[in-house]
Amino acid sequence: MAQPLLPEGVNAKWCNRCGAVVRDCCKITWESWDVVPGTRKTEIWEEVKKNIWFKDEHLLRAEKATMSMMCGIFKDYKSKLNCEYVKTKTTPFKDHENITSEDWEIFVVQKTTPEAIALSEKMAALNRKNKFKVHLGLGGYKKKVGKWRAMEERNHALGKPDPLEGIEERSQNWVYARSNLTDEGELVMKDPASIEVIDKLKGTVLKQQELGLFKLEYHRDQLTQAIGMKEKGGRVRGVSSSASWKEGFSDPPAYRKRDFQKKDLQEEVTQAALDALSGGTSTGSQAGPTPPPSASTPLEPEPIKEDTPCELHLPFGYKGKTKKVATGTALPGRWLHHKDIPPDYVQVSVATVVAGHEDDEIEHPIPEVGIETLEQARAPSSCGNNVMWSSAHQVRL
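Sequential numbering from 71 applies to the sequence shown in our numbering.
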């Protein structure tokens with residue numbers, strides 16, 4: 071997501087302005103940013119422009135970035151009201167004078183339904199799974215990176231040791247965000263889980279790299295290896311919680327995303343074979359494998375111009391095979407949940423899910439509205455439940 075960076079301090083002013091406008095102009099009874107009326111969003115954008123000036127050539131990107139920022143602010147604002155007032159059975163009128171008693175009564179009812187309580191508990195459980203929490207404040211990594219590089223230059227000029235020598239920049243940013251640097255140039259990590267990662271970075275990963283046992287490949291870099299978890303779409307660790315892979319990684323000349331997906335699949339198949347040889351078992355599925363698309367079905371079909379029925383597939387086995395996991399409708403448009411849709415993806419609405427695949431994780435989850443699996447994407451109760459799907463893994467009917 072694009073954000074204003076210059077002059078110094080403008081990012082914080084922009085974020086603060088977005089927050090103030092959301093609190094003043096959005097009714098807390100609106101269940102999500104998706105249901106905020108378009109006319110109100112236009113008014114909100116005009117309010118932001120009264121205090122933050124954008125160049126004419128940047129207006130379109132600035133508006134998209136502002137809407138995306140406000141989506142997150144609105145969600146966080148309502149979550150804070152729920153945690154600090156609804157769950158403690160108190161009222162917010164003293165601290166939030168813009169909230170009316172009528173709206174508050176409706177909001178309390180919304181947040182105390184069985185469905186709302188279940189969703190809140192689910193999101194809290196997901197949050198507890200995050201072992202590497204970080205709080206960088208307004209601007210996130212983008213605002214901190216310049217300060218970290220300047221700090222490194224000062225320490226180098228003073229002859230202090232570099233605690234992250236040999237570590238690439240994305241990993242450095244991730245570590246600095248979760249540590250403090252002493253006057254002697256030593257890193258003090260803020261939590262035990264992060265200590266394990268830095269130990270792997272400085273130990274195992276660097277040694278493997280020196281011995282030629284580990285090769286840097288696009289998103290499969292030092293940090294991914296040290297954490298032991300693949301990058302998920304929609305964010306890049308050590309760069310931004312809203313950056314695409316294209317923004318977060320430098321594309322090698324011959325990079326093709328499907329090549330890496332194929333390599334990941336080959337590794338999974340190899341591991342499954344090893345597990346089987348060692349006596350492990352694997353669970354079957356009611357949906358059998360489907361051969362790869364024929365030559366008449368291109369991997370990158372023409373852009374969607376109207377609602378088009380389709381089958382949704384996922385990789386299976388080897389040699390590019392896929393299997394059907396759901397049916398749905400491919401939809402036109404290149405903007406979904408306040409983010410640009412990558413060129414090799416389309417937005418789809420999930421209609422049915424093949425038995426046994428209800429809990430399959432989607433590649434681009436939307437945790438803010440509780441969509442992480444196929445069944446959650448299909449559920450009619452989901453608000454704005456369209457998801458992104460790889461063009462290579464959908465068959466239009």
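Backbone N, C-alpha and C define an ideal beta-carbon position, used for all residues, glycine too.
Measuring only the C-alpha atoms, how far is Ala247 from Leu257? 11 Å
Where Asp329 falls: helix, strand or coil (DSSP): Note that Asp329 scores 49 on pLDDT, short of 50, meaning its location in the model is unreliable; the coordinates nonetheless yield the value given after this. Asp329: helix per DSSP, three-state reduction.
Among Val118, Gly108, Glu113, the one whose alpha carbon lies nearest that of Gly89: Val118
For Thr367, is the classification buried or exposed, using 16 other Cβ atoms within 10 angstroms of its Cβ as the cut-off for buried? A caution first: Thr367 carries a pLDDT of 42, below 50, which makes its placement in the model too unreliable to give a value.
Is the beta carbon of Ile98 less than 7 Å from the beta carbon of Lys148? yes
Let me know if Arg448 comes out buried or exposed under the rule of 16 or more other beta-carbons within 10 Å of its beta-carbon. buried
Would DSSP call Trp405 helix, strand or coil? strand
Given 8 Å as the limit, is there contact between the segment 203–220 and the segment 184–194, that is, 3 or more CB pairs closer than that? no
Would you kindly work out how many angstroms separate the C-alpha atoms of Lys260 and Ser249, rounded to a whole number? 5 Å
Got a sec? Which residues, its chain only, sit under 7 Å from Asp165 by beta carbon, not counting five neighbours each side? none
Helix, strand or coil: how does DSSP classify His226 here? helix
Is the CB-CB distance between Leu234 and Gln242 below 7 Å? yes
Classify Trp174: buried if its beta carbon has 16 or more other beta carbons within 10 angstroms, exposed otherwise. buried
Whole-angstrom Cβ separation of Cys380 and Val418, contact assumed at under 8 Å? 7 Å
With DSSP as the reference, label Arg466 as helix, strand or coil. strand
For Leu257, write down the residues that DSSP places opposite it in a beta bridge. Leu251
Might you give, ordered along the chain, the residues of its own chain that have their beta carbon closer than 8 Å to the beta carbon of Tyr155, omitting 5 neighbours on each side? Thr161, Pro162
Would DSSP call Lys214 helix, strand or coil? helix
What is the C-beta distance between Val245 and Ile265, in whole angstroms, given that I count them as a contact (C-beta under 8 Å)? The pair is not a contact, with the Cβ atoms about 10 Å apart (cut-off 8 Å).
Given Lys83 as reference, the closest of Ile122, Gly229, Ala220 once Cα atoms are compared: Ile122
Looking at the structure shown, is Ala421 part of a helix, part of a strand, or coil, going by DSSP? strand
Enumerate in chain order the residues of its own chain whose CB-to-CB distance from Asn456 is below 7 Å, with the five nearest sequence positions on each side excluded. Leu401, Leu406, Gln417, Val418, Ser419
For the putative contact between Asp291 and Glu238, defined by C-beta atoms under 8 Å, what is the C-beta separation to the nearest angstrom? 6 Å
Within its chain, find whatever has a CB closer than 8 Å to the CB of Gln180; leave out the 5 residues flanking it on each side and keep chain order. Thr99, Glu101, Ala186
Hey, how far is the Cα of Ile436 from the Cα of Glu442? 6 Å
Considering only the alpha carbon of each residue, which of Thr399, Leu384, Val395, His383 lies closest to Lys375? Thr399
Residue interval of the alpha helix (DSSP H) (run including Cys88): 80–95
May I ask you to report which of helix, strand or coil DSSP gives Ser366? Here Ser366 scores only 38 on pLDDT, less than 50, and its place in the model is too uncertain to base an answer on.
Could you pull out every unbroken alpha helix (DSSP H) segment of at least 4 residues lying fully inside the segment 94–145, listed in chain order? 108–121
7 Å Cβ shell around Thr136 - same chain, five flanking residues per side excluded: Cys88, Trp115, Val118
Enclosing beta strand (DSSP E) for Glu431 [first to last residue]: 431–436
CB-CB under 6 Å to Lys300, same chain, minus the five flanking residues each way: which ones, in chain order? none
Going by other Cβ atoms of all chains shown within 10 Å of its Cβ, with 16 needed for buried, is Cys141 buried or exposed? buried
Under 8 Å by Cβ, that's how I've got Thr397 and Thr422 pegged, so tell me the actual separation to the nearest angstrom. 5 Å
Return the first residue and the last residue of the alpha helix (DSSP H) that Leu189 is part of. 184–199
With 16 other CB atoms within 10 Å as the buried threshold, where does Pro373 fall? exposed
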